[in-house]
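Chains A and B, in that order, give the protein sequences. Under this note's numbering, the first residue of the first sequence is numbered 23, with each subsequent residue one higher. Under this note's numbering, the first residue of the second sequence is numbered -9, with each subsequent residue one higher. For each residue, glycine too, the CB sits at the ideal point set by N, CA and C. Note that the structure is a prediction, hence the values are computed from the model and not measured. Structure, as structure tokens:
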Amino acid sequence: MKVSYQWLKEYVDINDLTPQELAEKLTRSGIEVEGIESLNAGVTGVVIGYVQEREKHPDADRLSVCKVDVGKEELLQIVCGAPNVAQGQKVPVAMIGAVLPGDFKIKKSKLRGVESQGMICSAKELGLNDKLLSKDQQEGILILPEDAELGMDATEYLGLDDHVLELGLTPNRSDCLSMLGVAYEVAAILGREVIFPDTSVEENGDANPLKVDIVATEDCYQYAGRHFTGATIKSAPQWMKNRLMAAGIRPINNVVDVTNYVLLEYGQPLHAFDAKEVADHHIVVRLGQEGEKLTTLDDQERTLDEETLVIADPTKGLAVAGVMGGANSEIVSGTEEIILESAYFTPKTIRRTAKMLGMRTEGCVRWEKGVDQTRVRQAADRAAHLIQKLSGAKVSKGVVDTTVKVVEPVTVSVTLEKINIHLGTDMDASIVADIFSRLQFELDQKEEAGTVLFTVTVPTRRGDITLSEDLIEEVARLFGYDNIPTTLPGGEVIQGSLTREQKLRRMVRNHLIGAGLHETVSYGLLHPDKLAKFSGLQDDRNLRPVPLAMPLSEEHSVLRTNLITSLVGTAMYNKNRQTHDLAFFELGQVFLSEQEQLNELPEERLYLGGLLTGNFISVNWMGVKAPVDFYTVKGLMESLLSRLGINQQSVQYVANSERKGMHPGRTADVQIDGKTVGFLGQLHPQSEKEFDLDETFVFQFDLEELFQYANTFNDYKLLPKYPAITRDFALVVDRSMPVAKLEKLIREASGELLESVTLFDVYMGDRIASDKKSVAYSIVYRHAERTLQDEEIQQITAKVIEALTEAGVELRS
Amino acid sequence: MSNQGGTADKYFVPDFMGRKFFCFSLTKDCKGEIVVQTRLQQMKEHALDKLKHVAEAQELQELRVKFLGKKGELTEILRGMGALSAEERPKIGQLVNEVREAIEETIASKQNEIEKRILEAKLAKQTIDVTLPGLPVATGTMHPLTRIIEELEDIFIGLGFEVAEGPEVELDHYNFEMLNLPKDHPARDMQDSFYITEEILLRTQTSPVQARTMLKKEGKTPVKIICPGKVYRRDDDDATHSHQFTQMEGLVVGKNISMSDLKGTLLTFARQMFGEDQQIRLRPSFFPFTEPSVEVDLQCVICHGEGCRVCKQTGWIEILGAGMVHPRVLEMAGYNPQEVSGFAFGMGIERIAMLKYGVEDIRHFYTNDVRFLRQFNRS
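In structure tokens, the structure reads:
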């Protein structure tokens, strides 16, 4: 809603406030002023002049030399380039010394040898919003009505000495979609009176011949019609046009402008019909018929349906109720007899129709939020008053008013105690009563059960107030939020804390950050094809990515089932920006469902994903290189699992050549006690090529699964008192044998005295057979209560050797 | 008097000029002086003089052998001691010790000097360019949105809140209806949503977590939670809009919870997050799930209230929406609004991060440009 400051002055006394001060007060009490626009874009020294003579410029075909009367003794000679300048026009004249928007100063000048003492201005040159002007007013100089006062300051005449307050209204405050509504609000803030417009009507015509039938009584509660004869359709006076334009409405003609003017004043949409197009002066408010066609004022043919509310006569549709009038009954130049509609349509019906037809007129906006039924008659009379005044029409006697239902004002109660408890205040009853009276709410106040009960009859203009809490809000905002004390919640206290899982998540993050990875956050909505290129964890399930019903783009149209796709996208983005060493991780939900048509929420799992490529230690002068490989990532994961207190013995890395998008020979599932909780490995070289990445390694875990095995309690063991004994073994085995098997053999054969098994060398090369590898272990034994004897160690190592030999392992030393 | 296998040379005793004199007697010289004494004196002087000019460890060692070694000069002189009388002997003995000590001391100090010099030379050789860069240690970073969330969590945990979470894909029922937004509510226009089916959508706010938490508590108080999480709205991405963003809402329900408690809680948050001198300002607003509703402004973090471009000269920046929980919301969640009251608030994490760090484009949070992420490396 755009509110003209000058116009608002007619309804409430704000002479002691600047537009800025008014805006601040409104904003602080609940009506946000989003902007204040000065209509004067920097115009001074422009007056209204009269073109007394116009001659062609002696040396230029397109220029005119005018003698202009600006109400001073001498005529000004002005050279004008506009083709539409003519003798006998009233025009805005920028005199010598005038300033136009953009700090354009008017000086005495010569144009092709002829002296010019000023400039005749166009609408644009005056900084007017020329989009709201008619085509002929947009081109050339601005021609003003004949009655414009000679010598008058043009900014005053054009209503430019004004500010427009742009209100950002919340959906509940549609009462402020009218000048009167804003006036009520300002009056309440300032404790002043609302001044009402003149609604007096001299019914100087014959009896009102209208007949109104409301058929659709669910959608239309009231229909009031006034009738006029002998109207003259012409341009509305400048002051009215100025106000409409300030509100962003294009002036059309005097009668249509009045309907819009009253719409702005009262928030009550009105419509005027050319009465001679309405058969039998008979208005029928009915629902549309399936396929019914109606050409609206904008010359579009609209197809209605059985839920569209239509204003009709007995033979044809005249208007889409509340949305737009029909072209057939438009007020045009030459219209003499007029029917004026002021009605109450329900918000629901208009919202639906406006949505169906894709139209949002000024009227729609107000209907959708609900108008105040008590203003139906007031607005009709106000419009009649203005139409009579501006068009010279005779007003027929009486209003034909068919009312099928009346929206009654509601009463709402609240106690002083509740107000004070809710706000944390200590107000007394008089403060509250004063606020209600400033709002002009009818109040009944009585002492009850040790407190004061306020019963308020809420005016129908404030349809947003239905609960005691709504009244508390009115009190709070007018009392002022700054005046409410500052406290902290008392009473029952609970201990603030994170859950176990939340703590573990933080730990995972901190661990990976400490290890040098950057945390990423990416979109949950992805392109289905990109998503399909990589694997989640539950490949055995027939998962279907959940699609949006109406995505904004295919790029973000399905919910992710894995994190790898996002991470690969991030890697590509960075590689394209010349960053080649990358190490990322992300914690994020994936959405798992097997349903084709979702009828229950998808399963959401918290995944941890990561991606590493390039060098893990960045290029340095020392020549230390650490290109990321499988074991870099595995090491990271081992350290993470160990940090989570997951027993390394229960973790198995199982080669998996089937993971989608992964290198078949460099990918391992991570299993704990036989259950797959994640995987890690290299991207498939084809994927790397497709996404233009170098060797890239990823990992992905189901954190919820992982956390089940987590144990962050540190078991303390006494430090050993007795020395350990270390034995090194070098074993030669088939290259294909996983070393995990060897370690398992060693562990099983070693028994309880084993402290640790460390693999310290793997050799494949010329010194042994080409299908073999040499693997070296350092094995530590220790007894907690005594020093181990040589014989014991010999026994154990014999066992180990035996077990290894049995398994076909050859001992090198 | 005996001569135990000495060579003739040994009978020469160098004088302080280095000249050698021949002596007939081992104990007395030509002038009748006690010969040993003179020899000792002369030897000492000679040794000290020699040592004075030593520069190398090797030479020092040789001199040590020459003067003090088993076959050295001092030993040689001592051999002559047998000829001394019993009363001369202790005198001479003492003198011998003095000479030995003097020479030893000089050798030791010379030794130190040489070692020191060697060490210095070694250190000079070992000197490196300390201005060369160190071996890079990979340092990761926490995503700025996570940082803000953790910071907020810690602030509110300090105020006795728990952190509640819920699904990102939600039922319309929890996302809207339980929050007093029935199907045809005009305020639903305010948030265009990503629907999957008519009943299932991507949550547009984290408020459904509040509804779910209250239902789970089955009417028990107090409820004191914050709900951080991802939310989705049908917005085209640009510098200030993102179809996915992060929110944190808070909810307190209990007996006599008031608007002043809301004010105090938010002031505490603002001061911990943005500085101890921060101020907040409440403005009336509208949300379907709170009544009264307010928007909360923070004193502009750029100009500290002076007025600047960022705050449009007002000195204030809007940072969150809040209000007293709507009685219908309490009712639907199983609480009696006659007995309990509550407040709720919600803020955009991106907005907080943008204000706190001065980030200009919301899309940076989701493109994960390493050059962006790396900047958040301080704790």
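With a Cβ-Cβ cutoff of 9 Å, do V101 (chain A) and I70 (chain A) count as a contact? Result no, Cβ atoms of V101 (chain A) and I70 (chain A) do not sit closer than 9 Å.
Enclosing beta strand (DSSP E) for V242 (chain B) [first to last residue]: 234 to 244
Which value, in whole angstroms, describes the spacing of the CA atoms of E143 (chain B) and I36 (chain A)? 47 Å
Please name the residues in the region 494 to 516 of chain A whose beta-carbon is closer than 8 Å to at least one beta-carbon of chain B, in chain order. I494, E495, A498, R499, Y503, D504, I506, P507, T508, T509, L510, P511, G512, G513, E514, V515, I516
C-beta neighbour in chain E for A111 (chain B), strict 9 Å: The structure shown contains no chain E; its protein chains are A and B.
CA-to-CA distance, V278 (chain A) to L292 (chain A), given in whole angstroms: C-alpha of L292 (chain A) to C-alpha of V278 (chain A): approximately 9 Å in a straight line.
Spatial neighbours of N106 (chain A) in its chain, beta-carbon cut-off 8 Å, leaving aside the 5 residues before and after: So the list reads D158, E161, G162, I163, I165, once near-sequence residues are dropped.
DSSP on R353 (chain B), reduced to helix/strand/coil? If DSSP states are grouped into helix, strand and coil, R353 (chain B) belongs with coil.
For a cutoff of 9 Å on Cβ pairs, would you count S640 (chain A) as touching chain B? yes
Just the C-alpha distance for L319 (chain A) and V345 (chain A), rounded to the nearest angstrom, thanks. 10 Å
What residue from B:P157, B:N170, B:N367, B:I352 has the CA that sits closest to E622 (chain A)'s CA? B:P157
Can you check whether the C-beta of I443 (chain A) is within less than 9 Å of a C-beta belonging to chain B? yes
Find out if the Cβ-Cβ distance for the pair L630 (chain A), F606 (chain A) is shorter than 9 Å. no
Neighbour list for G536 (chain A) in chain B, Cβ cutoff strictly below 9 Å: T129, G130
Verify the CB distance criterion: does Y366 (chain A) have a CB-CB separation below 9 Å to chain B? no
Bridge partner(s) assigned by DSSP for V692 (chain A): A:Y675, A:G700
Beta-carbon of R341 (chain B) versus every beta-carbon of chain A: anything under 9 Å? Residue contact check for R341 (chain B) against chain A: no CB pair falls below 9 Å.
Considering only DSSP beta bridges, list what D783 (chain A) is partnered with. A:A798
Can the beta-carbon of G311 (chain B) be found less than 9 Å from the beta-carbon of M337 (chain B)? yes
Hey, does E205 (chain B) have any beta-carbon neighbour from chain A nearer than 9 Å? Here residue 205 (chain B) is Leu; the residue named in the question, Glu, does not match the sequence. Chain A, which has no Cβ nearer than 9 Å to the Cβ of L205 (chain B), makes this no.
Determine, for E626 (chain A), whether the minimum Cβ-Cβ distance to residues of chain B falls below 9 Å. yes
Answer with buried or exposed for V19 (chain A), where buried requires no fewer than 16 other C-beta atoms within 10 angstroms of its C-beta. Because residue 19 (chain A) is not part of the residues shown, which for chain A are 23 to 835, the question remains open.
For the putative contact between I790 (chain A) and Y803 (chain A), defined by C-beta atoms under 8 Å, what is the C-beta separation to the nearest angstrom? Rounded, the Cβ-Cβ distance is 28 Å, inconsistent with contact.
Assigned secondary structure, K555 (chain A) (DSSP; H/G/I helix, E/B strand, else coil): coil
Of all Cβ atoms in chain B, is any one closer than 9 Å to the Cβ of S661 (chain A)? No, because no Cβ of chain B sits closer than 9 Å to the Cβ of S661 (chain A).
Bridge partners - D756 (chain A), DSSP secondary structure assignment: Answer is A:K794, bridged to D756 (chain A).
Three-state secondary structure (DSSP) at T748 (chain A)? strand
Which residues in chain A sit within 7 Å of V284 (chain B), going by Cβ to Cβ distance? Y503
List the endpoints of the continuous beta strand (DSSP E) containing R324 (chain A). 323 to 325
Would Y245 (chain A) count as contacting chain B if we go by Cβ distances under 9 Å? no
When you compare only the Cα positions, how much space is there between M201 (chain A) and V284 (chain A)? 9 Å
Can you list the residues of chain A that G34 (chain B) reaches, using a CB-CB cut of under 7 Å? Before going on, a small fix: residue 34 (chain B) reads as Lys here, not Gly. Against chain A, a Cβ distance below 7 Å from K34 (chain B) picks out nothing, because the smallest value is about 56 Å.
Using 10 angstroms around the beta-carbon of Q704 (chain A), count the other beta-carbons present and answer buried if the total reaches 16, otherwise exposed. buried
From what residue to what residue does the beta strand (DSSP E) around G336 (chain B) run? 331 to 338
Figure out for me which residue from A:Y245, A:F701, A:L493, A:L585 has the closest Cα to the Cα of H316 (chain B). A:L493
Is V349 (chain B) close to chain A, meaning its C-beta is less than 9 Å from at least one C-beta of that chain? Not closer than 9 Å to any Cβ of chain A, the Cβ of V349 (chain B) fails to qualify, so no.
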